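For the protein sequence lines, the chains are A and B, in the order given. Quick note on numbering: the first sequence equals residues 1 to 347 in the UniProt record's numbering. Quick note on numbering: the second sequence equals residues 1 to 347 in the UniProt record's numbering. C-beta atoms are modelled at their ideal positions from N, C-alpha and C, and glycine is treated no differently. In this text the structure is predicted, and so the values were computed from the model without any measurement. Let me begin by presenting the structure, written as structure tokens, before commenting on it.
Number of protein chains: 2
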Amino acid sequence: MEIMNKQIILRDYIEGSPKETDMTLEVAKINLNIQPRSSPSSSGGAVLVKNLYLSCDPYMRGRMRNFHGSYIPPFSPGSVIEGFGVSKVVDSDNENFKIGDIVTGMTGWEEYSLIHKTESLRKIQSDDIPLSYHLGLLGMPGFTAYTGFYEVCCPKKGEYVFVSAASGAVGQIVGQLAKLHGCYVVGSAGTSQKVDLLKNKFGFDDAFNYKEESNIDAALKRCFPQGIDIYFDNVGGEMLDAVLLNMRTHGRITVCGMVSQLTLSYSEGLKNVYMLIPKRIKMQGFIQSDYLHLFPQFLKHIIDNYKQGKIIYIEDMNEGLENAPSALVGLFSGKNVGKQVIRVAHS
Amino acid sequence: MEIMNKQIILRDYIEGSPKETDMTLEVAKINLNIQPRSSPSSSGGAVLVKNLYLSCDPYMRGRMRNFHGSYIPPFSPGSVIEGFGVSKVVDSDNENFKIGDIVTGMTGWEEYSLIHKTESLRKIQSDDIPLSYHLGLLGMPGFTAYTGFYEVCCPKKGEYVFVSAASGAVGQIVGQLAKLHGCYVVGSAGTSQKVDLLKNKFGFDDAFNYKEESNIDAALKRCFPQGIDIYFDNVGGEMLDAVLLNMRTHGRITVCGMVSQLTLSYSEGLKNVYMLIPKRIKMQGFIQSDYLHLFPQFLKHIIDNYKQGKIIYIEDMNEGLENAPSALVGLFSGKNVGKQVIRVAHS
Chain A
1 MEIMNKQIIL
11 RDYIEGSPKE
21 TDMTLEVAKI
31 NLNIQPRSSP
41 SSSGGAVLVK
51 NLYLSCDPYM
61 RGRMRNFHGS
71 YIPPFSPGSV
81 IEGFGVSKVV
91 DSDNENFKIG
101 DIVTGMTGWE
111 EYSLIHKTES
121 LRKIQSDDIP
131 LSYHLGLLGM
141 PGFTAYTGFY
151 EVCCPKKGEY
161 VFVSAASGAV
171 GQIVGQLAKL
181 HGCYVVGSAG
191 TSQKVDLLKN
201 KFGFDDAFNY
211 KEESNIDAAL
221 KRCFPQGIDI
231 YFDNVGGEML
241 DAVLLNMRTH
251 GRITVCGMVS
261 QLTLSYSEGL
271 KNVYMLIPKR
281 IKMQGFIQSD
291 YLHLFPQFLK
301 HIIDNYKQGK
311 IIYIEDMNEG
321 LENAPSALVG
331 LFSGKNVGKQ
341 VIRVAHS
Chain B
1 MEIMNKQIIL
11 RDYIEGSPKE
21 TDMTLEVAKI
31 NLNIQPRSSP
41 SSSGGAVLVK
51 NLYLSCDPYM
61 RGRMRNFHGS
71 YIPPFSPGSV
81 IEGFGVSKVV
91 DSDNENFKIG
101 DIVTGMTGWE
111 EYSLIHKTES
121 LRKIQSDDIP
131 LSYHLGLLGM
141 PGFTAYTGFY
151 EVCCPKKGEY
161 VFVSAASGAV
171 GQIVGQLAKL
181 HGCYVVGSAG
191 TSQKVDLLKN
201 KFGFDDAFNY
211 KEESNIDAAL
221 KRCFPQGIDI
231 YFDNVGGEML
241 DAVLLNMRTH
251 GRITVCGMVS
261 QLTLSYSEGL
271 KNVYMLIPKR
281 IKMQGFIQSD
291 YLHLFPQFLK
301 HIIDNYKQGK
311 IIYIEDMNEG
321 LENAPSALVG
331 LFSGKNVGKQ
341 VIRVAHS
């Protein structure tokens with residue numbers, strides 16, 4: 001059975017941040033039955049899915065650029081954009097997935113996707129947690145927060161923690177994990193609405209709007225008169241440079257985010273890295289996929305806390321595949337409030 | 001008994017690097033008997049020493065500046081410069097030290113010093129190793145190399161190690177420890193004579209003169225086609241920025257040196273720190289004094305290897321207290337070949 005399949009296509013490689021016109025909606029035919037099939041018991045066969053939710057993540061900007069030096073290759077111009085999604089299996093040539101299964105993993109920005117690389121797919125067990133949360137709280141961003149905080153920040157109870165982009169998909173979870181760990185937590189964000197969320201919804205001890213501060217260093221000194229033990233860096237650039245001046249002895253800076261973000265945001269260069277020496281600071285980059293062995297314990301930890309009401313999660317849901325490009329573009333001006341997702345279909 | 005005591009005085013705080021005219025030789029009287037004495041069994045009493053050898057170290061530039069934010073306070077203008085020395089006890093009001101003992105620790109740049117803060121003093125056991133080596137190979141620079149390499153770099157056999165300022169007091173020891181550990185080691189230095197020392201005396205696998213390279217990135221790619229696992233950074237700045245582009249996944253950068261060096265050398269700022277993320281690099285500052293519990297095992301390790309001829313040590317000895325200012329100034333233009341020390345007296 002062949003039907004029409006709406007798709008979001010990357011026109012060409014971009015420079016800087018993406019614009020809506022860098023992407024275009026096209027329609028192609030797709031056969032809802034997998035052909036040709038491999039042997040009946042194949043575990044490496046393809047899966048055909050109907051996409052329900054798609055994730056907009058900052059790292060995707062890196063894949064839109066013609067840069068091959070990273071740990072993940074760029075998209076192909078003229079092809080469908082790829083990203084994390086939650087999808088329903090409509091046909092399967094793979095013994096690990098059967099029709100009707102709900103899966104999450106790498107899929108295409110389109111209504112239906114034929115997925116050959118099924119290694120990234122994970123079956124979602126039926127639960128009372130919304131399916132889209134598997135793109136954030138229980139997905140890559142949540143796992144980034146979990147591994148970055150526990151494995152890289154080496155937190156201790158009572159320490160002073162600063163989180164930038166703190167209401168975003170990763171930041172909101174880092175801050176709450178730090179509070180659960182007994183830390184004092186301050187976040188920065190780019191609107192007063194987000195600052196309000198940090199203080200009154202996510203339970204941060206304090207928060208500030210960096211766009212309203214004429215001097216970031218002074219803002220940090222106001223929020224952390226005693227200095228910062230842990231900085232979970234989601235933005236790099238000027239904020240990182242100011243934080244370096246406010247770290248405590250033996251502090252840790254966990255650098256999270258994607259190449260593109262850092263190169264774009266601060267072409268002047270970091271001037272305060274020398275502070276690593278007198279303060280004996282450890283600054284470390286990480287990628288969540290190095291810690292996949294911890295994924296089961298991550299899921300348990302987050303689900304337990306979420307069900308007990310100890311972790312709050314906010315997502316920004318846009319309706320319709322056709323609105324995916326503007327949602328992705330909006331990430332880079334901070335338009336989203338919470339984790340940005342797209343609903344492609346209800347079921 | 002009162003005698004005349006030559007002293008090197010810091011005239012005033014400096015900016016940038018020190019010049020000889022920032023220091024002046026003066027003569028003051030000193031009593032060679034400690035007065036008044038405390039109770040006979042005091043362990044906190046003063047010690048009067050005759051200084052034999054004084055150490056010129058890059059960190060001292062930091063103490064010549066009016067900057068109070070570091071882990072060690074600045075010198076006082078108009079007062080004697082302080083530094084590590086090897087000295088002979090000529091009078092003692094401290095039960096831990098007796099007349100004739102040879103000690104090493106913080107002393108003054110003068111012929112005789114009355115030392116009240118005796119906590120930093122350590123008695124040197126009679127040995128067939130030259131006394132001045134306790135300012136380098138067996139002193140703070142050697143311990144910096146030892147703790148930085150073993151405790152911060154986390155080296156593994158077979159890894160690719162790069163050392164800057166590699167013929168200096170710290171660098172020459174780091175490189176040799178790395179070779180003993182089974183690493184592939186390349187060093188950079190600022191003259192062809194030093195490059196020759198690295199390759200033919202210290203046993204580095206390769207070395208280059210950074211002043212003769214028009215493109216540091218290209219030099220690193222030539223020496224490390226497979227990339228760098230460990231960078232022991234003694235210089236910061238442009239070299240560090242180029243190394244960041246050549247690190248391997250899970251690489252480690254150990255940042256050693258003093259505030260002043262880094263701030264002065266590269267006001268443009270570091271542009272490549274974003275590489276920490278895709279390569280999951282750990283960049284860490286450290287100070288040897290955090291690891292003083294390891295000092296006994298450091299001494300044993302280095303002395304054993306030195307006596308077996310497995311570690312070579314080169315120092316640059318200047319004669320006479322009056323030549324101390326020029327020796328210190330020379331450090332910052334790379335005039336010294338090996339560890340810079342001053343002989344004040346032969347015994």
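Environment of residue i [buried if 16+ CB atoms lie within 10 Å]
{"i": "B:Arg37", "result": "exposed"}
{"i": "B:Ala324", "result": "buried"}
{"i": "A:Val259", "result": "Note on A:Val259: pLDDT 42, under 50, position unreliable in the model; no value is reported."}
{"i": "A:Leu331", "result": "buried"}
{"i": "B:Asn318", "result": "buried"}
{"i": "residue 349 of chain A", "result": "Lying outside 1 to 347, the shown extent of chain A, residue 349 of chain A is not represented and no answer is given."}
{"i": "A:Glu315", "result": "buried"}
{"i": "A:Thr263", "result": "Caution is warranted here: a pLDDT of 47 is assigned to A:Thr263, below 50, making its placement in the model unreliable, and the coordinate value is therefore given only provisionally. The residue is buried, with at least 16 neighbouring Cβ atoms inside 10 Å."}
{"i": "B:Arg11", "result": "exposed"}
{"i": "A:Ser164", "result": "buried"}
{"i": "B:Gln193", "result": "exposed"}
{"i": "B:Gly105", "result": "buried"}
{"i": "A:His78", "result": "The sequence given here has Gly at residue 78 of chain A, not His. Label assigned to A:Gly78: exposed."}
{"i": "A:Ile81", "result": "buried"}
{"i": "A:Asn5", "result": "buried"}
{"i": "B:Ser43", "result": "exposed"}
{"i": "A:Pro155", "result": "buried"}
{"i": "B:Gln172", "result": "buried"}
{"i": "B:Val152", "result": "buried"}
DSSP-derived helix/strand/coil call for residue i
{"i": "B:Arg61", "result": "helix"}
{"i": "A:Thr107", "result": "strand"}
{"i": "B:Asn318", "result": "strand"}
{"i": "B:Thr118", "result": "helix"}
{"i": "A:Arg222", "result": "helix"}
{"i": "B:Ala207", "result": "strand"}
{"i": "A:Gln172", "result": "helix"}
{"i": "A:Tyr231", "result": "strand"}
{"i": "A:Ala178", "result": "helix"}
{"i": "B:Ala28", "result": "strand"}
{"i": "A:Val344", "result": "coil"}
{"i": "B:Met4", "result": "strand"}
{"i": "A:Ile277", "result": "coil"}
{"i": "A:Ile14", "result": "coil"}
{"i": "A:Val337", "result": "coil"}
{"i": "A:Tyr291", "result": "helix"}
Contact with chain B by residue i, beta-carbon distance below 7 angstroms
{"i": "A:Glu268", "result": "yes"}
{"i": "A:Tyr71", "result": "yes"}
{"i": "A:Phe286", "result": "yes"}
{"i": "residue 382 of chain A", "result": "Only positions 1 to 347 of chain A appear in this structure, which leaves residue 382 of chain A out of reach."}
{"i": "A:Arg37", "result": "no"}
{"i": "A:Arg248", "result": "no"}
{"i": "A:Arg222", "result": "no"}
{"i": "A:Arg280", "result": "yes"}
Cutoff 7 angstroms: residue i Cβ touching any chain A Cβ
{"i": "residue 378 of chain B", "result": "Residue 378 of chain B lies beyond the range of chain B shown here (1 to 347); nothing can be said about it."}
{"i": "B:Arg252", "result": "no"}
{"i": "B:Ile277", "result": "yes"}
{"i": "B:Arg65", "result": "no"}
{"i": "B:Arg61", "result": "no"}
{"i": "B:Arg343", "result": "no"}
Per-residue contacts from residue i into chain E (C-beta, under 8 angstroms)
{"i": "A:Gly236", "result": "No chain E is part of this structure, whose protein chains are labelled A and B."}
Strand pairing of residue i, partner residues [DSSP]
{"i": "B:Thr254", "result": "B:Phe232 and B:Gln284"}
{"i": "A:Met247", "result": "A:Ile228"}
{"i": "A:Asp91", "result": "A:Leu48"}
{"i": "B:Tyr160", "result": "B:Tyr184"}
Checklist line | Contact between the segment 16-28 of chain A and the segment 296-308 of chain A (3+ Cβ pairs under 8 angstroms) | finding: no
Note to self: Contact between the segment 101-121 of chain A and the segment 156-173 of chain A is defined here as three or more beta-carbon pairs at a separation below 8 angstroms; is this criterion met?
What the structure shows: no
Check: Is the number of C-beta pairs between the segment 111-125 of chain A and the segment 188-203 of chain A that are closer than 8 angstroms three or more?
Finding: no
Item checked: Stretch-stretch touch, CB-based, cutoff 8 angstroms, three pairs: the segment 248-255 of chain B with the segment 272-286 of chain B -> yes
Next item on the list: Kindly confirm or deny that the segment 288-296 of chain A and the segment 45-57 of chain A touch, where touching means at least three C-beta pairs closer than 8 angstroms.
Entry: The segment 288-296 of chain A is not in contact with the segment 45-57 of chain A.
Check: Counting pairs of Cβ atoms below 8 angstroms between the segment 335-342 of chain B and the segment 54-63 of chain B, do you hit three or more?
Finding: yes
Item checked: Cβ contact check for the segment 58-75 of chain A and the segment 119-133 of chain A: 3 or more pairs under 8 angstroms -> no
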